[in-house]
Every structure is written in structure tokens, then in C-alpha cells.
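For what it's worth, my numbering labels the leading residue of the sequence shown as 3, then goes sequentially.
Glycine included, every Cβ here is placed at the ideal spot set by N, Cα and C.
Notes follow once the structure below has been shown.
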Amino acid sequence: MHAVDPSRSREWFSGGHQQESSVRAIDPAPVRAPYNPILSLLLVSVLLVVPTGCGSDGEDVSSWTPGPRPVSDERPVLAASGDVEVDRGSTFAAVSESGEGEIVVIFTNADGWAYFDDEGYLTGVSVEILEDFFRWVESTRDVSLDVVWSEDDDWMQFYRRVRDARGGVIGAGNVTITDERRQELDFSPAYQSNVAVLITHEDVPELESMQNASERFRGFAAHPYLGTLHEERVNQLRERRIPGLRVLPLSSNDEILAAVSESPDRLAWIDAHAYFRGVEEGLPIRRHPVADDSSESFGFILPRGSDWTPLLEEFFLEDDGYRNSERYREILLTHLGEGLSELLEEVREVREVR
């Protein structure tokens, strides 16, 4: 997370106030030095090799993008991408003591979940749920929060950043809740059910049974999303059904959808929301329902032992449960559409009956 450009702090720092600096630089009296041609040449050489675009001093302010619609009346900070050793936010204990603090949200850009709208605001299901959570904390605990949103579209790096972070850091990247990941991360309660779907080019006939996969997908290449559970699904398919399956990992849903759309000998598992988006865009893809996996749920992630985790649990359980509220349903319909919202909620209802 870069430091925020101080020249834009009035516009981008939530809760801050612009102040005119009372410090004035004083020019020292000029001191004339004797001319030294060798020294002059050395100085020119140094100036020629000094980079002009490094760090925040060389940052192009035209690249700044508005953050999400505010938790309070002012805009929170949207951090620029950058190399970070450890992301840090305020612990809830520190916020409780001082009455204020900073939360860092690291997110991956995903249509419907965390994306920029036509006006340049960060929004989506994940974003709006977290904004509701921050408002709830401010209201119920009588504190003030500044929220910094840091985009990281390298999913594995995003995961590591949250895992290794300190204090008030939350990750929003549609992370599937698993026992293995719980060994190194905290999870919020599930904020959404998920269905992993197997897709191919639309010219490939629908698969009637997984027992037919070896024949139907002979000569295919599989594109798992690097670092996700879809890698495990592809590996299981190769081990159990198609020993010679070529595996070519990709690092985004867009890359996977493009690869499957371009060739009738490619397959991939992707999340249902990515499949629906591809269909809406008119991509020539086919879903094979026999391979659906509806056992997953997404949760926000936090550093292990975070004192923000109990607050998220309380928020999701309050009243009849956040996911049973009209507000939650409104968020789903707004950002995912009716078809996908109904599918994901049906999956949740089936699980709850079981």
C-alpha cells in the first residue's frame, strides 16, 4: 500500500481536514563557489541517470481513482498498488481506547463483488457489506473509522498480504472457507454461497455423467485458476478420470473465459458468478451441471487472531442474521442480478435444510 499522495489528502482522507502549512522555506544566501569543470561533468552525469518516475514523488495524479461510496460523509482513502512488506491497520483494542483508527481492506477486482462503477466509485457485494459493517461498528461502539481500500489483483499475493498483515486488515477476494486455510487465517461468517461450475466451449456436447469425462474430454487442456480450489478440482479430474489431461494454469477469470471461448478443446472450473458474467457478455461457453460443486462458501479473511473477527461474527448474527435481511437481498440483486442471486440463495437454503 503506497502512502497517500499528500497533495490530495483533503479530497481522499476520510475524516481529515485540510490545513495550510505555516512552515515557509527560507532561501539561504547564495554562496559562490569556484568553477570546476570536472565536478560539473560529474554532476551532469548523475542527473542523467537519476530516475524521474520512482516512488510517490513521481506518481501521476491522473491515475488516482475515487474510492467506494463513503462510510461517513467523506470519501475514504483508495490506496495505490505497490510493494508492501506488511500491511497494518489499527487493532480494535486501540480503536476502542482512542475512539478512532484506520482499517485497511485489501480487495481483488471482480465484477459484481468489488468493481468500479460508471462514475468511478468502488462498489459491489463485498464492498457494500463491509461498508455496512463499518457503519455498524461506528454506531454501536461510538468510534470513527478511516478505511483504506487497497486493490491487488494477484490473488495469491492478495492472500499472502492478508495472512501476513497486522492489526485491522480485512481481505475481500471471494475466498472459499476451508479448514486448511483456517490454520493460517481468520474468516468472517460466510457472506455468500458459491457454486463452482465446469465450462467448455459451447460446441462441446453437454456431459451427462462424470464417468464419461475421459471420453468426452480426450485431448483437452484444463485451465485452473492459479492458487484456488479450482486447481484441486482439475488435479482430481486428471488423477481419477483423464490421466493425460494437460493442465495450463491461468491467473484470472478473464483469461480463463477467453481461453475456453476461443477453442473447443479447453475446460475449466470457475465460480458461478464468473460463468454468468460470461453468458451475459455473449461468450460461446457451455456449463456442464453434472460437475457442479455447491459445497463452498465465501468469507472475508483477516490475520489469524485478529480482534476484528469477533465483531464481524456479531455483525452477521445480529437480529435475524444479516444474510436474512432485506438490505442483503437488495445488495445481491443490485450487483449480481436476479438469476445469479436466486441460484446462490437456493444453494444456501438447501444447505440449511441439510
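Next item on the list: Within the same chain, show all residues whose beta-carbon is closer than 6 Å to that of L209, passing over the 5 residues directly before and after it, in chain order.
Entry: Taking the first residue of the sequence shown as position 1, residue 209 is located at position 207. The residues are R218, H290 and V292.
Notebook entry, point to check: Which of helix, strand or coil does DSSP assign to Q159?
Noted result: Stepping through the sequence shown from its first residue, residue 159 is reached at position 157. Assignment of Q159 by DSSP, reduced to helix, strand and coil, places it in the helix class.
Check: Taking the continuous beta strand (DSSP E) assigned at L2, which residues delimit it?
Finding: With the chain covering only 3 through 356, there is no way to say anything about residue 2.
Margin query: For a test of the three-state rule: what should DSSP assign to S327, helix, strand or coil?
Written below: By one-based count along the sequence shown, residue 327 stands at place 325. When secondary structure is reduced to three states using DSSP, S327 falls in the coil class, being assigned neither helix nor strand.
Item checked: Under 8 Å between C-beta atoms of I333 and V127 -> Position 331 of the sequence shown holds residue 333. Position 125 of the sequence shown holds residue 127. Yes, the Cβ-Cβ distance between I333 and V127 is below 8 Å.
Next item on the list: Alpha carbon to alpha carbon, how far is S211 from T67? Give it in angstroms, no decimals.
Entry: For this step, residue 67 is matched to residue 65 along the sequence shown. For this step, residue 211 is matched to residue 209 along the sequence shown. Low per-residue confidence applies at T67: pLDDT is 43, beneath 50, and the placement is therefore not dependable, though the value from the model is reported in the following sentence. In this structure, the alpha-carbon of T67 lies about 47 Å from that of S211.
Notebook entry, point to check: In terms of residues, what are the limits of the alpha helix (DSSP H) holding H232?
Noted result: Counted from its first residue, the sequence shown places residue 232 at position 230. Where H232 is concerned, the enclosing alpha helix (DSSP H) stretches over L231 to R242.
Item checked: Cβ separation of A174 and F302, assumed to be a contact under 8 Å, to the nearest whole Å -> Taking the sequence shown and counting its residues from 1, one reaches residue 174 at position 172. Taking the sequence shown and counting its residues from 1, one reaches residue 302 at position 300. Right, the Cβ-Cβ distance comes to about 6 Å (below 8 Å), so this counts as a contact.
Checklist line | Classification of E130 by the beta-carbon crowding that lies within 10 angstroms, buried from 16 upward | finding: Sequence index remark: in the sequence shown, residue 130 carries index 128 (1-based). Classification for E130: buried.
Note to self: With H, G and I counted as helix, E and B as strand and the rest as coil, what does DSSP make of V88?
What the structure shows: Position 86 of the sequence shown, counted from the first residue, corresponds to residue 88. DSSP, reduced to helix, strand and coil, places V88 outside both helices and strands of the structure shown, so it counts as coil.
Note to self: To the nearest angstrom, how far is the alpha carbon of P312 from that of F318?
What the structure shows: The count along the sequence shown starts at 1 and reaches residue 312 at position 310. The count along the sequence shown starts at 1 and reaches residue 318 at position 316. For P312 and F318, the distance between alpha carbons rounds to 10 Å.
Next item on the list: On a CA-only basis, which of A274, D322 and N237 is nearest H225? Give me that one, please.
Entry: Numbered from 1 along the sequence shown, position 223 holds the residue referred to as residue 225. Here the closest residue by C-alpha is N237.
Next item on the list: State the start and end residues of the unbroken beta strand (DSSP E) segment that holds V106.
Entry: For this step, residue 106 is matched to residue 104 along the sequence shown. For V106, the uninterrupted beta strand (DSSP E) run begins and ends at E102 to F109, by DSSP.
Next item on the list: Answer with buried or exposed for S343, where buried requires no fewer than 16 other C-beta atoms within 10 angstroms of its C-beta.
Entry: The count along the sequence shown starts at 1 and reaches residue 343 at position 341. So S343 counts as buried.
Check: Can the beta-carbon of R358 be found closer than 8 Å to that of A215?
Finding: Because the chain spans 3 through 356 in this model, residue 358 falls outside it and cannot be assessed.
Checklist line | Entirely enclosed alpha helix (DSSP H) segments - the region 274-345, minimum 4 residues | finding: List check, alpha helix (DSSP H) in window: 274-282 and 311-319.
Checklist line | Candidates V145, A116, S265 and L200, of which the one nearest T93 by Cα | finding: Taking the first residue of the sequence shown as position 1, residue 93 is located at position 91. Of the candidates V145, A116, S265 and L200, the one whose C-alpha sits nearest the C-alpha of T93 is V145.
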